[in-house]
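Numbering (mature numbering (1 follows the signal peptide of the UniProt record, and there is no 0)), first residue to last: -22 to -1, 1 to 367.
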C-alpha cells in the first residue's frame, strides 16, 4: 500500500512538472521562427549598411489543399560603424528569433569591395550559425531590389540564381558561380586573382502577361587581387574566362564571328593546364586547352568540313584568351592567374619578382595550344537543314 502511494505521488509530480515546463521552453515552432536567407552589405558615408532577406514559409511549402501562397520577401536595412554593429541592429525589430543556418547567398556592393572585405569576413566567420557555403555575388544595383527579386510562377527568391545559380550555369557556362569558402581560399592565396560574379536586374528579356518582368542576371564580375579591389568588367570582355576554368560545363562559341556567322559550336569536358618554364632568366607560360564539342547549329551549307570547323574553334578560343590577357595587361590584372603558377612552381623567382614589383609583360604568355574534337553534328551529317518551298 505504501509503495503504491509513493508511485502515485511520483506520477502526479511528474505530470505537474510537465505542465509547468511545457509552457516555457527553448524550442519554438517552425512558424514562429525567422529564417534569414540572404545578406547584403553596402558601404556609404563611412558606415556599413546591412540588408537581411527573409522569405515566408507559406510561399515555399504547399498548404493542405496543395496550393502555394504568393511569394513573400522581407528585406531589412540597418547601418552602423562596423559590419557587425549594423548587423545587430536588425534584432531590434526582428519580433522573433532569426536563424542564420539557412543563409545561402551573400551580396556585396562595389563600394563595400572598395572599402575592403576585412570587417565583413570577420563578422561572417566568427558566428557559429553562419555556414561557409553561401553563394557570393556583388552588384552595382540597388541592394533592396536585388534581394526582393522573385522567381517565375510566383515562386520565392529561393528559385532564382541568387540562391541557386548552378542549374543555369550547367546549361550555359559564362561566369562560374563562387561560394564563400572558395572565394575566401582564393582571396587569401598569395599571387592569385579572384572574382565575384556581378548581379543586375534585367527587365527587358521576359514579359508576364505582356508586361515586363524583372529577373536577375549575371552580367560580369568584380576582380580582387592581393586582398584589394581591382575593378569590374562586363561579360563581353571576359569571354576568355570560360576557357580557362576546368570546371566549365557547357560553353558555346559562334564562328567565324558575329558579323559572318556560319556555325555554333558547344564545348564540353574541357581540360586546362598552365605550364610555366624558365628561359634566359625569365619565366614564360604555355596554356594547354583540350575539349570535346558538338556543332549545335549551322547557318550556311558550304564546303567547310569537320576538320576546318575544329580549326575555327581553336582559333576562336585562342583569340578570346589572348584578348583577356591583353585586357589584363592594360588594367594590371592577372586574369589568367599566371602569377599564382609562378608562386607554386618557382617560388624563389616569384619572391624576387614581387620584391622588384615586376609585372607581366607582352611576351610572358609564350603560347596557347588548343586541341578540339568535334565528336558529332547530329543526324544530318554536318549539313544545314534546308526547307524547300
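For each residue, glycine too, the CB sits at the ideal point set by N, CA and C.
*So, helix, strand or coil for residue 85, using DSSP?*
Looking up residue 85 in the chain shown gives position 107. Three-state DSSP puts residue 85 in a strand.
*From 312, 329, 325, 353, pick the residue whose C-alpha is nearest to that of residue 368; which is it?*
The shown model of the chain, from -22 to 367, leaves out residue 368, and the question about it has no answer.
*Straight-line Cα distance separating residue 130 from residue 221*: Looking up residue 221 in the chain shown gives position 243. Looking up residue 130 in the chain shown gives position 152. Distance between the alpha carbons of residue 221 and residue 130 is about 31 Å.
*Give the single residue among 285, 290, 144, 239 whose Cα lies nearest to the Cα of residue 83.*
The sequence position of residue 83 within the chain shown is 105, counting from 1. Ranking 285, 290, 144, 239 by Cα distance to residue 83 puts 144 first.
*Exposed unless 16 or more other CB atoms sit within 10 angstroms - verdict on residue 185*: Numbered from 1 along the chain shown, position 207 holds the residue referred to as residue 185. By the 10 Å Cβ count, residue 185 comes out exposed.
*By DSSP, does residue 167 sit in helix, in strand, or in coil?*
Residue 167 sits at position 189 when you count from the first residue of the chain shown. It is coil, neither helix nor strand.
_Would residue 253 and residue 268 be called neighbours here (beta carbons separated by less than 8 Å)?_
Translated into the one-based positions of the chain shown, residue 253 becomes position 275. Translated into the one-based positions of the chain shown, residue 268 becomes position 290. No, the pair does not count as a contact, with Cβ atoms beyond the cut-off.
*Below 8 Å between beta carbons: does that hold for residue 92 and residue 58?*
As a first step, residue 92 must be located in the chain shown, where it is residue number 114. As a first step, residue 58 must be located in the chain shown, where it is residue number 80. Contact: no.
*Extent of the continuous alpha helix (DSSP H) run through residue 121*: In the chain shown, counting from the first residue as 1, residue 121 sits at position 143. Run containing residue 121: 121 to 126, per the alpha helix (DSSP H) assignment.
*Can you give the Cα-Cα distance for residue 314 and residue 223, rounded to whole angstroms?*
Position 336 of the chain shown, counted from the first residue, corresponds to residue 314. Position 245 of the chain shown, counted from the first residue, corresponds to residue 223. Between residue 314 and residue 223, the C-alpha separation is close to 10 Å.
*From residue 317 to residue 351, what does the alpha carbon distance come to, in whole angstroms?*
Working through the chain shown from its first residue, we reach residue 317 at position 339. Working through the chain shown from its first residue, we reach residue 351 at position 373. Straight-line Cα distance between these residues: approximately 30 Å.
*Skipping 5 residues on each side, what residues in its chain have a beta carbon closer than 7 Å to that of residue -1?*
Sequence index remark: in the chain shown, residue -1 carries index 22 (1-based). Bear in mind that a pLDDT of 47 at residue -1, under 50, signals an unreliable position, so the number given afterwards is only what the model happens to contain. Once the five neighbours on either side are set aside, residue -1 has no close Cβ partner at all.
*Taking all protein chains shown into account, decide if residue 27 is buried (16 or more other Cβ within 10 angstroms of its Cβ) or exposed.*
By 1-based counting over the chain shown, the position of residue 27 is 49. It counts as buried.
*asked:* Please give the ranges of any alpha helix (DSSP H) in the region 282 to 340, keeping only runs that are unbroken, at least 4 residues long and fully inside the region.
replied: 284 to 309, 316 to 323, 325 to 333
*Taking residue 53 and residue 125 to be in contact with their CB atoms under 8 Å, please state how far apart those CB atoms are, rounded to whole angstroms.*
Along the chain shown, one-based indexing puts residue 53 at 75. Along the chain shown, one-based indexing puts residue 125 at 147. Right, their Cβ atoms sit about 5 Å apart.
*When the distance is taken between beta carbons, is residue 119 closer than 8 Å to residue 77?*
Sequence index remark: in the chain shown, residue 77 carries index 99 (1-based). Sequence index remark: in the chain shown, residue 119 carries index 141 (1-based). No. Outside cutoff.
*For residue 364, which residues of its own chain have a beta-carbon under 6 Å away from its beta-carbon, when the five flanking residues on both sides are left out?*
If you number the chain shown from 1, residue 364 lands on position 386. With a pLDDT of 41 at residue 364, under the threshold of 50, the modelled position of that residue is not reliable, and the figure given next carries that caveat. Contacts found: none.
*Which one or two residues does DSSP pair with residue 349 in a beta bridge?*
The count along the chain shown starts at 1 and reaches residue 349 at position 371. Looking at the DSSP assignment, residue 349 forms a beta bridge with 268.
*asked:* Can you check which of these residues, 154, 88, 107, 61, is closest to residue 394 by C-alpha distance?
replied: As shown, the chain starts at -22 and ends at 367. That puts residue 394 outside it, with no answer to give.
_Length at least 3, wholly inside the region 199 to 248: the beta strand (DSSP E) runs in chain order_ = 206 to 212, 229 to 233
*Would you say residue 246 and residue 282 are within 8 Å of each other, going by their C-beta atoms?*
Residue 246 sits at position 268 when you count from the first residue of the chain shown. Residue 282 sits at position 304 when you count from the first residue of the chain shown. Not a contact, by the Cβ cut-off of 8 Å.
*On a CA-only basis, which of 192, 55, 117, 286 is nearest residue 135? Give me that one, please.*
Looking up residue 135 in the chain shown gives position 157. Considering only alpha carbons, the answer is 192.
*Leaving aside the five residues before and after residue 181 along the sequence, list all residues of the same chain whose C-beta is less than 6 Å from its C-beta, in chain order.*
In the chain shown, counting from the first residue as 1, residue 181 sits at position 203. Excluding positions up to five away in sequence, the list reads 190, 192.
*Excluding the 5 residues preceding and the 5 following residue 173 in the sequence, name in chain order all residues of the same chain whose CB lies nearer than 6 Å to its CB.*
Along the chain shown, one-based indexing puts residue 173 at 195. Closer than 6 Å at Cβ, skipping near neighbours: 199, 201.
*Quick one: using the 10 Å Cβ neighbour count with 16 as the cut-off for buried, is residue 2 buried or exposed?*
Within the chain shown, residue 2 is the residue found at index 24, counting from 1. Only weak support is given to the placement of residue 2: the predicted model assigns it a pLDDT of 47, under 50, and the value that follows is read from those uncertain coordinates. Classification of residue 2: exposed, given that the 10 Å Cβ count is below 16.
_Contact under 8 Å by Cβ, residue 233 with residue 251_ = Locating residue 233 in the chain shown gives position 255, where the first residue counts as 1. Locating residue 251 in the chain shown gives position 273, where the first residue counts as 1. For residue 233 and residue 251, no; Cβs fall outside 8 Å.
_Please list the terminal residues of the continuous beta strand (DSSP E) segment that includes residue 144._
Within the chain shown, residue 144 is the residue found at index 166, counting from 1. Segment 144 to 149 is the alpha helix (DSSP H) holding residue 144; no beta strand (DSSP E) there.
*asked:* Give me the DSSP bridge partner(s) of residue 195.
replied: Here residue 195 refers to the residue found at position 217 of the chain shown. DSSP output for residue 195 lists 178 as bridge partner(s).
*Determine the closest residue to residue 307 out of 158, 244, 107, 336, with distance taken between C-alpha atoms.*
Taking the first residue of the chain shown as 1, we reach residue 307 at position 329. Comparing Cα-Cα distances from residue 307 to each of 158, 244, 107, 336, the minimum goes to 336.
*residue 105 by DSSP, collapsed to three states: which one?*
Taking the first residue of the chain shown as position 1, residue 105 is located at position 127. Here residue 105 sits in coil by DSSP.
_Quick check: residue 128 and residue 196, are their CB atoms within less than 8 Å of each other?_
Taking the first residue of the chain shown as position 1, residue 128 is located at position 150. Taking the first residue of the chain shown as position 1, residue 196 is located at position 218. No, the pair does not count as a contact, with Cβ atoms beyond the cut-off.
_Identity of the residues DSSP links to residue 77 by a beta bridge_ = Counted from its first residue, the chain shown places residue 77 at position 99. In DSSP, residue 77 forms a bridge with 13.
*Could you tell me whether the Cβ atoms of residue 231 and residue 291 are closer together than 8 Å?*
Taking the first residue of the chain shown as position 1, residue 231 is located at position 253. Taking the first residue of the chain shown as position 1, residue 291 is located at position 313. A contact, by the Cβ cut-off of 8 Å.
*Beta-ladder partner(s) of residue 254, from DSSP*: The count along the chain shown starts at 1 and reaches residue 254 at position 276. Note: residue 254 sits in a beta bridge opposite 263.
_Does any residue of chain B have a CB that is nearer than 8 Å to the CB of residue 235?_
Here chain B cannot be found, since the structure has a single protein chain.
*asked:* Just to confirm the assignment, what range does the alpha helix (DSSP H) spanning residue 62 have?
replied: Counting from 1 along the chain shown, the entry for residue 62 is found at position 84. Element bounds for residue 62: 61 to 66.
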